[in-house]
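In the UniProt record's numbering, the protein residues as written are 1 to 499.
Built from N, CA and C at the ideal position, the CB exists for glycine as well.
Written below as structure tokens is the structure these notes are about.
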């Protein structure tokens, strides 16, 4: 992981946010190559889930949301994590992360003090949350150390910490003039459900897809871009008839695993966690978490696929009539049919169930980079670092390299070839005129460029072999194989390789 982080900084994938002022924890900026890779991941997700399906619509909802939306969705009351403070240095930590990062014998002592087994860590955390006074004493008695100082801490009782960012809307700051930066993209889909149905005439089953920023004021953001305060989500709310939700849940589990494989993240590296009932989110009937085996971090969530039942649409519908947060639309549907849709068989209004595949762009990028990062020993004994990205994800698809940057005829022809290739719509094509062909190859190995095209003196008819005139050398990133291809056939060659 350290080598990967170093590569990301060195080659312009990811930078620390506000770095010239010391950085801001939990915020990252994507550099010239990072933004290309990120956009390619999002494009691949959108293409698979929107363009290649006949039952999906797209949406881009506002980031700032009315407080009532997040009140009635349950986020205002429940979107929180337990936090503890160390009185010795006033550092604050998320409780489950603090305990999980301790040595095994310390975790065992905490578990024993709470009457639980260390093998069932979620039960340990649940017991700590349920008994704040006992939890504080257990942390002290077990010798839980502060990750910052390394010393045994003097721990406070756990308290809930709401992770939503609150913001003032308009010039007057009072209790009625604030909203929240959305903690998830889902609520924008639910509040636009009727708009989408009315404008598209969709019938069940169908989905709404959205890619966008979400904000979570994490107590302890960490592990590079894995856990951040500003994140980007790729999320689907798939609406189906009640009673068919479990079948669709399995459908989306398989579809999402297949998508990850197509991005170079193999199923063998993903464990499927059927989340225990006591750990489910407040809206979930059942959730599968896809746990990817990140380097150093181990198995962590890369995507959640939740059966949200009729919780959200039911809650928002009832609250339009001020009938309370947890009520359900079970009677008199005709009179309060705000967020309902006709049943495909009976044509009566029904609140559909929802299956939600939700993946983080940042976590996806970290997984894709982790799988692509490769160190190889060449035949000459030298070591090379190469990002073996799938071609459709590579930030730069082709680098066009003139053999000598001080020879105008080579540079001009290389630029002309680059411009012609760029028009094909394959993605970014780069003119690489550094002048050192060996270093250029190594640089493009490190950033994952699938193909390098070299324009040399043979290309312009000034080499020893006249038969090579009007041909270029194409170098394959993964195999290191090189072959000569006619310039007139270059576009078709690369289109076949990169499509």
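Which residues bound the alpha helix (DSSP H) around residue i?
i, result
"residue 72", "67 to 72"
"residue 190", "186 to 191"
"residue 234", "Residue 234 -> not in any alpha helix (DSSP H); beta strand (DSSP E) instead, spanning 230 to 240."
"residue 121", "121 to 130"
"residue 439", "437 to 447"
"residue 53", "Segment: none, residue 53 is in no alpha helix (DSSP H) and carries neither H nor E."
"residue 63", "Premise fails: residue 63 is in no alpha helix (DSSP H) and is neither H nor E."
"residue 422", "408 to 422"
"residue 10", "2 to 10"
"residue 95", "95 to 100"
"residue 107", "104 to 113"
Leaving out five residues before and five after residue i in sequence, what residues of the same chain have Cβ atoms less than 6 Å from its Cβ?
i, result
"residue 15", "29, 31"
"residue 434", "440"
"residue 462", "none"
"residue 331", "With a pLDDT of only 44 at residue 331, under the threshold of 50, the placement of this residue in the model should not be trusted, and no figure is reported."
"residue 326", "Because the pLDDT at residue 326 is just 34, under 50, the model does not fix this residue reliably, and the value given afterwards should be weighed accordingly. Here the set comprises nothing."
"residue 556", "Residue 556 lies beyond the stretch modelled for the chain, which goes from 1 to 499, so this question has no answer here."
"residue 52", "none"
With distance defined between alpha-carbon atoms, name the residue in the options nearest to residue i.
i, options, result
"residue 18", "12, 10, 27, 11", "27"
"residue 399", "452, 352, 376", "452"
"residue 513", "279, 280, 241, 300", "Outside the displayed range of the chain (1 to 499) lies residue 513, so it cannot be described from this structure."
"residue 488", "478, 472, 75", "472"
"residue 304", "254, 359, 145", "359"
"residue 317", "226, 387, 191", "191"
"residue 79", "182, 213, 203, 460", "182"
"residue 140", "99, 48, 179", "99"
"residue 110", "91, 145, 76", "145"
"residue 155", "170, 166, 361, 138", "138"
"residue 8", "151, 479, 365, 283", "365"
"residue 437", "412, 425, 474", "474"
"residue 480", "470, 469, 445, 486", "445"
"residue 426", "282, 101, 393, 174", "393"
"residue 174", "307, 200, 216, 67", "67"
Given residue i, which residues of its chain have a CB within under 7 Å of its CB, disregarding the five upstream and five downstream residues?
i, result
"residue 274", "288"
"residue 261", "267"
"residue 334", "Per-residue confidence for residue 334 stands at a pLDDT of 37, beneath the threshold of 50, marking its modelled position as unreliable; no derived number is given."
"residue 372", "264, 387, 388, 389, 448"
"residue 23", "16, 17"
"residue 428", "36, 395, 396, 397"
"residue 413", "455, 459, 460"
Can you pull the DSSP bridge partners for residue i?
i, result
"residue 291", "271, 301"
"residue 402", "455"
"residue 377", "383"
"residue 483", "474"
"residue 349", "342"
"residue 152", "145"
"residue 213", "232"
"residue 307", "286, 355"
"residue 180", "65, 166"
"residue 15", "29"
"residue 208", "57, 237"
"residue 202", "The partner list for residue 202 (beta bridge, DSSP) is empty, contrary to what the question assumes."
Considering only heavy atoms of the ligand FMN, does any lie closer than 7 Å to the CB of residue i?
i, result
"residue 277", "Among the ligands in the structure shown, none appear at all, so the ligand FMN cannot be discussed."
Within the continuous beta strand (DSSP E) that includes residue i, where are the two ends?
i, result
"residue 168", "165 to 168"
"residue 86", "80 to 86"
"residue 358", "353 to 360"
"residue 396", "Segment: none, residue 396 is in no beta strand (DSSP E) and carries neither H nor E."
"residue 159", "159 to 162"
"residue 57", "56 to 59"
"residue 263", "Note, residue 263: premise wrong, no beta strand (DSSP E); not H, not E."
"residue 29", "28 to 30"
"residue 429", "429 to 431"
"residue 20", "Element bounds for residue 20: n/a, residue is neither H nor E."
Can you list, in chain order, the residues of its chain with a C-beta nearer than 8 Å to that of residue i? Leave out the 5 residues immediately preceding and following it.
i, result
"residue 291", "270, 271, 272, 273, 299, 300, 301, 302"
"residue 33", "11, 12, 13, 395, 396, 447"
"residue 410", "402, 403, 404, 455, 456, 457, 459, 460"
"residue 169", "64, 177, 178, 179"
"residue 491", "420, 421, 424"
"residue 225", "14, 28, 362, 363, 365, 366"
Write down the C-beta distance between residue i and residue j rounded to the nearest angstrom, noting that I regard them as a contact closer than 8 Å.
i, j, result
"residue 248", "residue 355", "5 Å"
"residue 235", "residue 185", "5 Å"
"residue 203", "residue 218", "That belief does not hold up - the Cβ atoms of residue 203 and residue 218 are roughly 40 Å apart, past 8 Å."
"residue 311", "residue 220", "Contact doesn't hold; Cβ gap of about 29 Å is too wide."
"residue 126", "residue 345", "About 41 Å; that fails the 8 Å criterion."
"residue 59", "residue 208", "5 Å"
"residue 478", "residue 375", "That belief does not hold up - the Cβ atoms of residue 478 and residue 375 are roughly 14 Å apart, past 8 Å."
"residue 210", "residue 188", "7 Å"
"residue 82", "residue 159", "7 Å"
"residue 135", "residue 157", "7 Å"
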